[in-house]
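The numbering of the sequence shown is this note's numbering, which starts it at 317 and goes up by one. All C-beta atoms, glycine included, are put in the ideal place defined by N, C-alpha and C. Note that the structure is a prediction, hence the values are computed from the model and not measured.
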Amino acid sequence: MPITNEERREHLEKFGLTSLDTMHTADYRKALEEEAFFWDDPHGFVMHTLSGERLVTNTEQLDALLEHLEGYRTLLPAPPEWMSEK
317 MPITNEERRE HLEKFGLTSL DTMHTADYRK ALEEEAFFWD DPHGFVMHTL SGERLVTNTE
377 QLDALLEHLE GYRTLLPAPP EWMSEK
């Protein structure tokens with residue numbers, strides 16, 4: 317079932333998320349720590365917080381996901397200085 321705009325809005329509000337485009341890296345890390353995007357269920361699976369979908373169920377899948385995400389690095393710009401922790 318698709319996620320509704322209302323569910324998305326409630327999710328953003330619950331975690332105090334605004335625009336990722338203007339979110340400082342420290343705030344993004346905080347959102348990650350608060351499981352705004354992912355969480356580990358009692359079985360150790362990595363779940364998508366908003367949809368509840370299982371994303372990773374074992375270490376090889378985690379490795380594959382990390383490798384896939386790393387491929388996006390060359391497509392993304394560096395953050396502006398005011399957003400960066402560096």
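Item to check | Beta carbon of residue 331 nearer than 7 Å to that of residue 342 | outcome: Their beta carbons are not under 7 Å apart, which means residue 331 does not touch residue 342 by this criterion.
Checklist entry - Helix, strand or coil for residue 357 per DSSP? => result coil
Checklist entry - Where residue 372 and residue 352 are concerned, what is the direct C-alpha to C-alpha distance, given to the nearest angstrom? => result 16 Å
Item to check | Which of helix, strand or coil DSSP assigns to residue 333 | outcome: coil
Next on the checklist: Can you look up residue 364 in the DSSP assignment and give me helix, strand or coil?
Outcome noted: Shown here, residue 364 sits in a strand according to DSSP, grouped into three states.
Item to check | residue 396 versus residue 374 - alpha carbon distance | outcome: 35 Å
Item to check | Extent of the continuous beta strand (DSSP E) run through residue 345 | outcome: Residue 345 -> not in any beta strand (DSSP E); alpha helix (DSSP H) instead, spanning 341-349.
Checklist entry - What do you reckon, are the CB atoms on residue 340 and residue 366 nearer than 7 Å? => result no
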